[in-house]
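J.: Residue numbers (this note's numbering), protein chains in the order written: chain C, 106 to 287; chain P, 141 to 533.
What follows is the structure, encoded as structure tokens:
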């Protein structure tokens, strides 16, 4: 099947739960869904044998003052957006992207928990067992809680790493190029 | 080896692992000699590269990301530049794409030969290890002539490449491929006919196509189980659309199949290298890419020697990325070791680990063996390998 047909198929499969969708590039489709619908979406993709889960990416979105990116996205999507289901863009929040690949086609299933305090997503390990490593990484690096993930032991960070410090949050300091030591 | 209380014995293996690059820690639960459970702990060489990319410019990141892996450094740089060029809306010239692809295939040859030697060593077959590494020097010398380096070739720049192939180098590469092809034919013969070697590989660590899919296996590990998945074929990038990559598959799904698939992929790489050199497009090597990359998100996938390498890149319009996510193929394949280990002898573990060609680091490795009396002794990696070899003697 051609890439275009695959992406149209994915769009159709996820239509009942789609909040908005957009094309990043000719072969990349992003579909935003509510986290309570995530499992149904993943189950639907699995039933239809639409590709495989390639990775899970976490993103830290800064709060309203700096959300030019998200703002323009929202306006760009005018007719697709159900404004009532829009997340409150008042503070920092996370986005979790589930990347499914099928041939040349890439589908990003996008989940947007409302705030840092309420940052959790359901585990998809019952549907895709191999997601366990990605979910562990997401929990460690961002502090996004993955409800029901089968194993939440440390995967990547050292044993003595302090609790509650999540390196990939924007608030975590990073060393700049050229800095040595630390 | 369950004790009277019925509790389980857990054998920790790692984190240090001397033969392969990158350390990882596995815990195998054993009942006597048989593994009944396994778990994995990674991160001993976690350097925070994803975080570090956010504080560096697009150009600096090229050098940083090339250092994610010491074996397949070029594919990391390639996944990155292809993604960034896409966001920037530029296409590298055809000659640059051809040279990128050429380097990627040379790198695959070096990586697969390296793996062949390492895996042979784990099996106690050091003659094969030494011969295959001697022959690997041919491709290392070619890479050095082409790029100036044996590893971390630094071929890519944003918008193109900075090395070129002249006629003399072309002849050297072709001559090298002829030599390696002949040697590889011999190795294929060895791993498929040597009875002591087959005793270590045939029927060990069998993974069906359905399991491979379920466990998220990628690359040669998946293809040895009959899963026809290769980014070069499914989503051709760089110069791959102009060359017809033939996917190498095996159905057995055991260790022997993983050997056969990787060795046959070498033949395919030799063929691709010849095809690229015969049809090398003329023209520029590089186009200009602006220092700031326009806002956007992209996914860049390439076929590394170990399987699909995945990059997610988000740009915010500045000279630094907003986020770069790297998912390496070894991460996907670790899950398969944990699952296929169950039911096998402890002695098979070194080969099972080596069978996925993981990136593990060069340190001494200890195994703590706890016997029924609760006394423990430490095993080094050498002890474990010896245990494997003795068991099959």
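Glycine included, every Cβ here is placed at the ideal spot set by N, Cα and C.
Please list the residues of the segment 471-488 of chain P that have a C-beta atom closer than 8 angstroms to any C-beta atom in chain C, keeping them in chain order.
T.: Along the segment 471-488 of chain P, going in chain order, the ones with a CB nearer than 8 angstroms to a CB of chain C are 471, 472, 474 and 475.
J.: If you count every other CB in all the chains shown that lies within 10 Å of the CB of residue 155 of chain P, and 16 or more means buried, which is it?
T.: Within the second chain, residue 155 of chain P is the residue found at index 15, counting from 1. Buried is the call here.
J.: Does any C-beta atom of chain P lie closer than 7 angstroms to the C-beta of residue 115 of chain C?
T.: Counted from its first residue, the first chain places residue 115 of chain C at position 10. So, not an interface residue.
J.: DSSP has residue 213 of chain C in a bridge; who is on the other side?
T.: Numbered from its first residue, the first chain carries residue 213 of chain C at position 108. DSSP output for residue 213 of chain C lists C:135 and C:204 as bridge partner(s).
J.: For the beta strand (DSSP E) containing residue 218 of chain C, list its first residue and its last residue.
T.: Looking up residue 218 of chain C in the first chain gives position 113. Unbroken run through residue 218 of chain C: none, as it is neither H nor E.
J.: Which full runs of the alpha helix (DSSP H) of 4+ residues lie inside the segment 357-396 of chain P, going along the chain?
T.: 359-363 and 371-374
J.: Closer than 8 angstroms by beta-carbon distance: list the chain C residues that pair up with residue 275 of chain P, in chain order.
T.: Translated into positions along the second chain, residue 275 of chain P becomes position 135. Going along chain C, no residue has its Cβ under 8 angstroms from residue 275 of chain P, so there is no contact; the nearest lies around 34 angstroms.
J.: Would you say residue 239 of chain P and residue 301 of chain P are within 7 angstroms of each other, going by their C-beta atoms?
T.: Locating residue 239 of chain P in the second chain gives position 99, where the first residue counts as 1. Locating residue 301 of chain P in the second chain gives position 161, where the first residue counts as 1. Result yes, Cβ atoms of residue 239 of chain P and residue 301 of chain P sit closer than 7 angstroms.
J.: Residue 214 of chain P touches chain C at which residues, Cβ-Cβ below 7 angstroms?
T.: Position 74 of the second chain, counted from the first residue, corresponds to residue 214 of chain P. Result: empty, since nearest Cβ-Cβ is about 21 angstroms, beyond 7 angstroms.
J.: In chain C, which residues lie less than 8 angstroms from residue 384 of chain P when you measure between Cβ atoms?
T.: If you number the second chain from 1, residue 384 of chain P lands on position 244. Here the premise fails: no neighbours, minimum Cβ distance about 16 angstroms.
J.: For residue 368 of chain P, count neighbouring Cβ atoms within 10 angstroms of its own Cβ and tell me buried if that reaches 16, exposed if not.
T.: Taking the first residue of the second chain as position 1, residue 368 of chain P is located at position 228. Exposed, by the Cβ-count rule.
J.: What does the alpha-carbon distance come out to for the pair residue 218 of chain C and residue 475 of chain P?
T.: Position 113 of the first chain, counted from the first residue, corresponds to residue 218 of chain C. Position 335 of the second chain, counted from the first residue, corresponds to residue 475 of chain P. Approximately 28 angstroms, taken between the alpha carbons.
J.: Quick check: is the beta carbon of residue 58 of chain C nearer than 7 angstroms to any beta carbon in chain P?
T.: Nothing can be reported for residue 58 of chain C: it is not among the residues displayed for chain C, which extend from 106 to 287.
J.: Closest Cβ-Cβ distance between residue 393 of chain P and chain C: below 7 angstroms?
T.: Taking the first residue of the second chain as 1, we reach residue 393 of chain P at position 253. Not flagged as an interface residue toward chain C: residue 393 of chain P, since no C-beta distance is shorter than 7 angstroms.
J.: Out of P:437, P:336 and P:198, which one is the CA nearest neighbour of residue 532 of chain P?
T.: Position 392 of the second chain holds residue 532 of chain P. Answer by Cα proximity: P:336.
J.: Can you tell me whether DSSP reads residue 127 of chain C as helix, strand or coil?
T.: The count along the first chain starts at 1 and reaches residue 127 of chain C at position 22. Here residue 127 of chain C sits in strand by DSSP.
J.: Within this structure, are the beta carbons of residue 217 of chain P and residue 289 of chain P separated by less than 7 angstroms?
T.: Along the second chain, one-based indexing puts residue 217 of chain P at 77. Along the second chain, one-based indexing puts residue 289 of chain P at 149. No, these two residues do not count as a Cβ contact at 7 angstroms.
J.: Report the three-state DSSP secondary structure of residue 475 of chain P (helix, strand or coil).
T.: Here residue 475 of chain P refers to the residue found at position 335 when the second chain is read from its first residue. Of the three classes helix, strand and coil, the one that applies to residue 475 of chain P here is helix, per DSSP.
J.: Tell me the DSSP bridge mates of residue 198 of chain C?
T.: Within the first chain, the letter at position 93 stands for residue 198 of chain C. The partner list for residue 198 of chain C (beta bridge, DSSP) reads C:166.
J.: What's the gap between the Cα of residue 227 of chain C and the Cα of residue 171 of chain P?
T.: Here residue 227 of chain C refers to the residue found at position 122 of the first chain. Here residue 171 of chain P refers to the residue found at position 31 of the second chain. Spanning the two alpha carbons is a distance of roughly 35 angstroms.
J.: Residues of chain P with CB closer than 7 angstroms to the CB of residue 268 of chain C, please, in chain order.
T.: Numbered from 1 along the first chain, position 163 holds the residue referred to as residue 268 of chain C. In chain order: nothing, as chain P lies at least about 16 angstroms away.
J.: Looking at the unbroken alpha helix (DSSP H) that takes in residue 152 of chain C, where does it start and where does it end?
T.: Start at 1 with the first residue of the first chain, and residue 152 of chain C comes out as number 47. Unbroken alpha helix (DSSP H) run through residue 152 of chain C: 143-152.
J.: Leaving out the 5 sequence neighbours to the left and right, which residues in its chain are closer than 8 angstroms to residue 161 of chain C when beta-carbon positions are compared?
T.: Residue numbering aside, residue 161 of chain C sits at position 56 when the first chain is read from its first letter. Same-chain partners within the cutoff: 201, 202, 203, 204, 236, 239, 240, 242 and 243.
J.: Whose Cβ in chain P lies nearer than 8 angstroms to the Cβ of residue 160 of chain C?
T.: Here residue 160 of chain C refers to the residue found at position 55 of the first chain. Residues of chain P passing the Cβ test: 450, 452, 465 and 467.
J.: Please list, in chain order, all residues of the same chain as residue 373 of chain P whose beta carbon is under 7 angstroms from its beta carbon, the five residues on each side excluded.
T.: The residue you call residue 373 of chain P lines up with position 233 of the second chain. If we look at residue 373 of chain P and ignore the five residues flanking it on each side, its Cβ neighbours are 385 and 387.
J.: By the criterion of Cβ-Cβ separation under 8 angstroms, what are the contact partners of residue 183 of chain P in chain C?
T.: Taking the first residue of the second chain as 1, we reach residue 183 of chain P at position 43. Within 8 angstroms Cβ-Cβ: 259, 260, 261, 262 and 263.
J.: Is there a Cβ of chain P sitting closer than 7 angstroms to that of residue 228 of chain C, yes or no?
T.: Translated into positions along the first chain, residue 228 of chain C becomes position 123. It does not; no Cβ of chain P falls within 7 angstroms.
J.: Check each candidate in C:118, C:141, C:140 and C:145 and name the one with the smallest Cα separation from residue 134 of chain C.
T.: Start at 1 with the first residue of the first chain, and residue 134 of chain C comes out as number 29. Each of C:118, C:141, C:140 and C:145 was checked against the Cα of residue 134 of chain C, and the nearest Cα belongs to C:118.
J.: Have a look at residue 141 of chain C and residue 112 of chain C and give me their C-alpha separation to the nearest angstrom.
T.: Taking the first residue of the first chain as position 1, residue 141 of chain C is located at position 36. Taking the first residue of the first chain as position 1, residue 112 of chain C is located at position 7. If I take the Cα positions, the gap works out to 23 angstroms.
J.: Helix, strand or coil: how does DSSP classify residue 408 of chain P here?
T.: If you number the second chain from 1, residue 408 of chain P lands on position 268. In the structure shown, residue 408 of chain P sits in a helix (DSSP, three-state: H, G or I).
J.: Can you find a C-beta in chain C that's less than 7 angstroms from the C-beta of residue 123 of chain P?
T.: There is simply no residue 123 of chain P to check, as chain P begins at 141 and stops at 533 in what is shown.
J.: Ends of the beta strand (DSSP E) at residue 444 of chain P?
T.: Residue 444 of chain P sits at position 304 when you count from the first residue of the second chain. Looking at the DSSP string, the run of the beta strand (DSSP E) that includes residue 444 of chain P is 436-444.
J.: Closest to residue 324 of chain P by C-alpha separation, out of P:365, P:340, P:411 and P:353, would be which residue?
T.: Counting from 1 along the second chain, the entry for residue 324 of chain P is found at position 184. With distances taken between Cα atoms, residue 324 of chain P lies closest to P:411.
J.: Taking only beta-carbon positions, decide if residue 186 of chain P is within less than 7 angstroms of chain C.
T.: Looking up residue 186 of chain P in the second chain gives position 46. It does: the Cβ of residue 186 of chain P has a partner Cβ on chain C nearer than 7 angstroms.
J.: If you measure from the beta carbon of residue 155 of chain P to each beta carbon in chain C, is any gap under 7 angstroms?
T.: Within the second chain, residue 155 of chain P is the residue found at index 15, counting from 1. No, because no Cβ of chain C sits closer than 7 angstroms to the Cβ of residue 155 of chain P.
J.: Comparing C-alpha positions only, which one of P:478, P:469, P:284 and P:152 sits nearest to residue 304 of chain P?
T.: In the second chain, counting from the first residue as 1, residue 304 of chain P sits at position 164. Ranking the options by Cα distance to residue 304 of chain P, first place goes to P:284.
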